Amino acid sequence: MENQRTVADGLRIAVRALVYAVLGGAALIAIATVVSVLGPMLALDLYTPPVAAWWTVFTAIAVQGVPFLLLGTVVSAAIGAFVPQKVFSRLLPRNQALAVPVAGAAGVVLPGCECASVPVAGSLMRRGVAPAAALAFLLSAPAINPVVLVATSVAFPGQPEMVLARLVASLATAVVMGWLWARFGREEWLRPPERHTDPTATGLRAFTAGLQHDFLHAGGFLVLGAAAAATFNIVVPRSVLDLFTGSPWLSVLLLALLAVVLCVCSEADAFVAASLSGFSPTARLAFMVVGPMVDLKLIALQAGTFGRSFAVRFSSVTWVVAVVSSALVGWWVL
Amino acid sequence: MRRYGPAVLLLLTGAAILRISLFSELYLRYVQAGLRPYLVVSGFLLVLLAVAAALVGRPEQEPHAEQGQHTEHGEHTGRDQQREHGEHDKSGDDSHAHDQHGGHHSPRVAWLLTLPALALLLFPPPALGSYSAEREAAQRAAQGVGTFPALAAGNPVELTLAEFGSRAIYDSGRSLAGRTVRLTGFVTRDDDGTWYVTRLLVACCAADATTSKVEIRGVDAPPVDAWVTVTGSWHPKGALGTDEAWPPVLDAASVRRTAQPANPYEKR
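Here it is, written out as structure tokens:
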């Protein structure tokens, strides 16, 4: 009995395997033939100038982001591995309302663009810095560091008030956002940055592990953001801009939106702003204040590091605060 | 693959960066020239990290082996336990697994990095050309009318399109008058047949490219996107600093086809 059953089972399995092999093989051959014949034709047809331009812009954003992202993850991994837990809580004022402006002003020390600041802010939170202070640092670092300010003064020769306005408006936005978070922020929106290493592990091993994980994780989101930015870059015609240059208020809003979709690196956005010559100085200021704080690439990076529900709320409020702050500062200084 | 996933990803990314920055000048298609040292350093760092990831994977293997045995036991004792352990092995988006042991697996989103990396290694995308140039109106650098430093000696004098454009439109000293200049760029055309020598200007990366162009008169248009060197003299037009002066015009004496220069963009 047993034997018969095994023989029958074996036979059934063999037949089934044969059928699968024949069907699968035939399907594979068919697919391979179709792909090898149609593939090159289709590839040539699909590789139109817009698609080629998309690939170029996409890889360009990714390539340009890699050194800065690596700098940011090196700093963040070093903080995680070599800086003792209590250092930051000792350095920063205990009172959150005071810690926020201090952390915002500390943004001066990180000479990178916005890709670098997200992992650093994440590691600051892991090291016990109050989220409000870490977020103020996250917003201010890419906007007010010396490299960016020098680039701004080069892009606007003979207009030092533009550099001042950028510094003031960016810092104000960062501090206001920090205070808003301290007052209204809820812990549950913020998925605490995952601890990817043993908290007790320190030294070189923890550094390497942290660096690997942070870079790969943030790198994936950088690619996602680059794809979104490249798509907008190719799909939205620049001539849309000319429609709005007439109205001063609409043009502020328009350039603030443009900064979100273009994802220009904060070290280069001053040059882009300078080239938007049809717009009022305040609108161009808004472009430079919003750009390093809210853009598609950054939203993707934040969603990856702090969670999606945080990124959506935080980015939209930051956008509003940044627009208001640059409008006020522009009206006052420019 | 799971174990070597991070190493493979880091190696691919590092190799792609090194291929375009160290072993060729392809990086100039994507970013500005000044970024090269940073790219080379990042490339080396990524390759080093990949090696470290591949090596470090080994000693940390031990707890895994232990878990593997547990899994086998789990099959007998209860499905829940098996599931719990099995998750380590199957996890792709392993936010969960990370909490338990080192940066061992790579997060699933990281696999997106293969897209630009493979593109750069296998089919580096071309430099932006006439398509991007025509999408946006060429912009002239905003600046005031004034005098410029003297042009370099020699005829013809080699100029960037941006330099020619700003001198043509804003130079009250008219330094271009009576000089023979040579410009290099690719060809774009309007619908009405006028053609331009065009160049894209990049400040940081190709995403921020803007256009500068010079209208060419006196010679028939080469095919669009062809790279040319044009020699000729400035054709004054419109009052300085006004819209009528834009775009600047060159009366061409000769147009020569040329290869695409190593740096397809002008530095802004």
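Respectively, the protein sequence lines represent chains A and B.
Letter by letter, the first sequence follows residues 319 to 652 of my numbering.
Letter by letter, the second sequence follows residues 50 to 317 of my numbering.
Glycine is no exception: its CB is placed at the ideal position from the N, C-alpha and C atoms.
Note that this is a predicted model, so its numbers are computed, not measured.
CA nearest to the CA of ILE462 (chain A), picked from A:ALA487, A:TRP499 and A:ALA439: A:ALA487
So does PRO402 (chain A) have its beta carbon nearer than 6 Å to some heavy atom of the ligand ZN? Judged by which ligands are present, the structure shown has none, so any question about the ligand ZN falls away.
Among the candidates A:ARG602, A:PHE589 and A:VAL612, whose CA atom is the shortest distance from the CA of ALA473 (chain A)? The residue among A:ARG602, A:PHE589 and A:VAL612 with its C-alpha nearest the C-alpha of ALA473 (chain A) is A:PHE589.
Extent of the continuous beta strand (DSSP E) run through GLU264 (chain B): 259-266 is the span of the beta strand (DSSP E), which, as asked, contains GLU264 (chain B).
With a threshold of 7 Å on Cβ separation, who are the neighbours of LEU177 (chain B) within its own chain once the five nearest residues in sequence on each side are excluded? LEU249, ALA255 and ALA258
For ALA527 (chain A) and LEU104 (chain B), the rounded distance between their alpha carbons: 12 Å
Between which two residues does the alpha helix (DSSP H) harbouring ARG408 (chain A) extend? Run containing ARG408 (chain A): 405-409, per the alpha helix (DSSP H) assignment.
Run through DSSP, which three-state label would LYS316 (chain B) get? strand
With a CB to CB cut of under 6 Å and the five nearest residues on each side skipped, what residues in its chain are close to LEU67 (chain B)? Cβ-Cβ distances below 6 Å link LEU67 (chain B) to GLY92 in the same chain, with the five nearest sequence neighbours on each side left out; the list follows chain order.
Using a beta-carbon distance below 7 Å, is SER261 (chain B) in contact with chain A? Interface annotation, SER261 (chain B): not in contact with chain A, CB-CB separation never under 7 Å.
By the criterion of Cβ-Cβ separation under 7 Å, what are the contact partners of PRO367 (chain A) in chain B? TYR180
What are the start and end residues of the beta strand (DSSP E) that includes PHE235 (chain B)? DSSP places PHE235 (chain B) inside the beta strand (DSSP E), whose first and last residues are 229-238.
According to the neighbour-count rule (16 or more other Cβ atoms, all chains shown, within 10 Å of its Cβ), is ALA308 (chain B) buried or exposed? exposed
Specify the secondary structure class of LEU522 (chain A) as computed by DSSP and reduced to three states. helix
Going by the CB atoms, is the gap between GLY422 (chain A) and SER394 (chain A) shorter than 7 Å? no
Rounded to a whole number of angstroms, what is the C-alpha to C-alpha distance between SER181 (chain B) and LEU580 (chain A)? 14 Å
Could you tell me which residues DSSP puts in a beta bridge with VAL251 (chain B)? B:LYS316
Using only the alpha-carbon positions, how far apart do ALA454 (chain A) and VAL375 (chain A) sit? 30 Å
Are any of the Cβ atoms in chain B nearer than 7 Å to that of ASN463 (chain A)? no
Short check: CB of ILE69 (chain B) to CB of LEU61 (chain B), under 7 Å? no
Check whether the Cβ atoms of TRP276 (chain B) and ALA217 (chain B) lie closer than 7 Å to each other. no
Should LEU346 (chain A) go down as buried or exposed, given a rule of 16 or more other Cβ atoms within 10 Å for buried? exposed
Alpha-carbon spacing of THR260 (chain B) relative to PRO464 (chain A), whole angstroms: 28 Å
Could you tell me the alpha carbon to alpha carbon distance between THR377 (chain A) and ALA546 (chain A), rounded to whole angstroms? 12 Å
Flag SER282 (chain B) as yes if its beta-carbon sits less than 7 Å from any beta-carbon of chain A, otherwise no. no
List the residues of chain B that TRP507 (chain A) touches, going by C-beta distances under 8 Å, in chain order. Per Cβ cutoff of 8 Å: no residues; TRP507 (chain A) is ~17 Å from chain B at best.
For VAL304 (chain B), count the other beta carbons within 10 Å of its own beta carbon; 16 or more makes it buried, fewer makes it exposed. Which is it? buried
Are LEU603 (chain A) and GLY648 (chain A) close, meaning C-beta to C-beta below 7 Å? Yes, they are a contact pair.
Any Cβ of chain B within less than 7 Å of the Cβ of SER435 (chain A)? Residue contact check for SER435 (chain A) against chain B: no CB pair falls below 7 Å.
Below 7 Å between beta carbons: does that hold for TYR245 (chain B) and THR233 (chain B)? no
Got a sec? Which residues, its chain only, sit under 6 Å from VAL447 (chain A) by beta carbon, not counting five neighbours each side? PHE406
Applying the criterion that 16 or more other CB atoms from any shown protein chain within 10 Å of the CB defines a buried residue, is ARG107 (chain B) buried or exposed? Because the pLDDT at ARG107 (chain B) is just 49, under 50, the model does not fix this residue reliably, and the value given afterwards should be weighed accordingly. Per the 10 Å Cβ criterion, exposed.
Expressed to the nearest angstrom, what Euclidean distance is found between the alpha-carbon atoms of ILE552 (chain A) and ALA370 (chain A)? 10 Å
In angstroms, rounded to a whole number, what distance separates the CA positions of THR291 (chain B) and LEU88 (chain B)? 42 Å
Which of the residues in the stretch 67-91 of chain B, read from start to end, lie with their CB under 8 Å from any CB of chain A? Those would be ILE69, TYR76, ARG78, TYR79, VAL80, LEU84, TYR87, LEU88, VAL90 and SER91, in chain order.
Which bits of chain A does TRP276 (chain B) rub up against, with CB to CB less than 7 Å? Near TRP276 (chain B) there are no residues of chain A at all, since even the closest Cβ is about 16 Å away, more than 7 Å.
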